[in-house]
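Colleague:
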């Protein structure tokens, strides 16, 4: 069965030690000063601030590139104030796809454990078996405000051993709709250049 393009960002599926992923995430904040639309499945980075009522660190959408570190992937958008009386979001979004609107105060849940393994679609080149172990950039195309789908993917055209690249390819799902040589292949990745690690990533092999 040939693969089909269904770009939808990064989705946590397990950990490097083999444990399953069961929704573990931490609370972060995106201030109204941030003008990016942010979707579930988007890679985010620390923005160097925190929300004073809750202590939640602020994050921003990952901008791509070969050296930009990341802290995790958005797995949920919160439509309540979580005890923050300065932030009581409107409920007008309830009949629209779930995403963080541009220039809107919003809390988000982020899968930020450096050992989290994510599944994501590749683009830019055809996956080869020898690519597993290499690093790559995040393709940061915009998501869809109609469906709520993240536009982020793994950009295989940038694959290299370079240590600072943000993603490391650690495998691929073995199933009938996902095979080496298909036009659209999903892979397993971890965040290689992770802001909670003590370095700027490790070289690919």
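In this note's numbering, the protein residues as written are 3 to 207.
Glycine included, every Cβ here is placed at the ideal spot set by N, Cα and C.
The structure presented is a predicted model; accordingly, all values stated were derived computationally and were not measured.
Can you tell me whether residue 77 is buried or exposed? The criterion is at least 16 other CB atoms within 10 Å of its CB, across all chains shown.
Modeller: Within the chain shown, the letter at position 75 stands for residue 77. Classification for residue 77: buried.
Colleague: Considering just the uninterrupted stretch of the beta strand (DSSP E) at residue 76, what are its terminal residues?
Modeller: Sequence index remark: in the chain shown, residue 76 carries index 74 (1-based). Run containing residue 76: 74 to 80, per the beta strand (DSSP E) assignment.
Colleague: Locate the beta strand (DSSP E) running through residue 13, then write down its first and last residues.
Modeller: Reading the chain shown from its first residue, position 11 is the one you call residue 13. Counting along the chain, the beta strand (DSSP E) containing residue 13 begins and ends at 13 to 17.
Colleague: Excluding the 5 residues flanking residue 108 on each side, which residues of the same chain have their C-beta closer than 6 Å to its C-beta?
Modeller: Within the chain shown, the letter at position 106 stands for residue 108. Cβ within range, chain order: 32 and 102.
Colleague: Check for me: the beta strand (DSSP E) holding residue 123 runs from which residue to which?
Modeller: For the purposes of this step, residue 123 is taken as residue 121 along the chain shown, with counting starting at 1. Run containing residue 123: 118 to 125, per the beta strand (DSSP E) assignment.
Colleague: By alpha-carbon positions, which one of 58, 79, 99 and 44 ends up nearest to residue 147?
Modeller: Here residue 147 refers to the residue found at position 145 when the chain shown is read from its first residue. Out of 58, 79, 99 and 44, 99 has the C-alpha closest to the C-alpha of residue 147.
Colleague: Mapping the DSSP letters down to three states, classify residue 65 as helix, strand or coil.
Modeller: The residue labelled residue 65 in the question sits at position 63 within the chain shown. If DSSP states are grouped into helix, strand and coil, residue 65 belongs with coil.
Colleague: What residue range does the beta strand (DSSP E) around residue 157 cover?
Modeller: Position 155 of the chain shown, counting from 1, holds the residue named residue 157. Where residue 157 is concerned, the enclosing beta strand (DSSP E) stretches over 154 to 162.
Colleague: Does DSSP put residue 151 in a helix, in a strand, or in coil?
Modeller: The residue you call residue 151 lines up with position 149 of the chain shown. Note: residue 151 maps to coil in three-state DSSP.
Colleague: List the DSSP bridge partners of residue 2.
Modeller: In the structure as shown, the chain begins at 3 and stops at 207. Residue 2 is therefore absent and cannot be evaluated.
Colleague: Which residues does DSSP list as the beta-bridge partners of residue 108?
Modeller: Sequence index remark: in the chain shown, residue 108 carries index 106 (1-based). Answer by DSSP bridge pairing, in chain order: 32.
Colleague: Apart from the five residues just before and just after residue 160, which ones in its own chain have a Cβ nearer than 8 Å to its Cβ?
Modeller: Residue 160 sits at position 158 when you count from the first residue of the chain shown. Cβ neighbours of residue 160 beyond the five flanking positions: 68, 126, 138, 139 and 167.
Colleague: With H, G and I counted as helix, E and B as strand and the rest as coil, what does DSSP make of residue 113?
Modeller: In the chain shown, residue 113 corresponds to position 111, counting from 1. DSSP places residue 113 in strand when its eight states are reduced to three.
Colleague: With distances taken between CB atoms, is the gap from residue 110 to residue 79 smaller than 9 Å?
Modeller: Numbered from its first residue, the chain shown carries residue 110 at position 108. Numbered from its first residue, the chain shown carries residue 79 at position 77. Going by C-beta atoms, residue 110 is nearer than 9 Å to residue 79.
Colleague: What would DSSP say about residue 132, mapped onto helix, strand or coil?
Modeller: The sequence position of residue 132 within the chain shown is 130, counting from 1. In the structure shown, residue 132 sits in a helix (DSSP, three-state: H, G or I).
Colleague: Just the Cα atoms here: how many angstroms apart are residue 144 and residue 118?
Modeller: Position 142 of the chain shown, counting from 1, holds the residue named residue 144. Position 116 of the chain shown, counting from 1, holds the residue named residue 118. Between residue 144 and residue 118, the C-alpha separation is close to 23 Å.
Colleague: Quick check on residue 177: buried or exposed, where buried means 16 or more other Cβ atoms within 10 Å of its Cβ?
Modeller: Taking the chain shown and counting its residues from 1, one reaches residue 177 at position 175. With fewer than 16 other Cβ atoms within 10 Å, it is exposed.
Colleague: Can you tell me whether DSSP reads residue 172 as helix, strand or coil?
Modeller: Reading the chain shown from its first residue, position 170 is the one you call residue 172. Three-state result, residue 172: strand.
Colleague: Just reading off the beta strand (DSSP E) that residue 190 is part of, what are its end residues?
Modeller: Here residue 190 refers to the residue found at position 188 when the chain shown is read from its first residue. 188 to 193 is the span of the beta strand (DSSP E), which, as asked, contains residue 190.
Colleague: Going by Cα to Cα distance, which pick from 113, 84 and 47 is closest to residue 13?
Modeller: Mapped onto the chain shown, residue 13 falls at position 11. For the residues 113, 84 and 47, the minimum Cα distance to residue 13 belongs to 113.
Colleague: Let me make sure I understand the geometry here. Which of 165, 154, 45 and 52 has the alpha-carbon closest to that of residue 34?
Modeller: Locating residue 34 in the chain shown gives position 32, counting from the first residue. Of the listed residues, the one whose Cα sits closest to residue 34 is 52.
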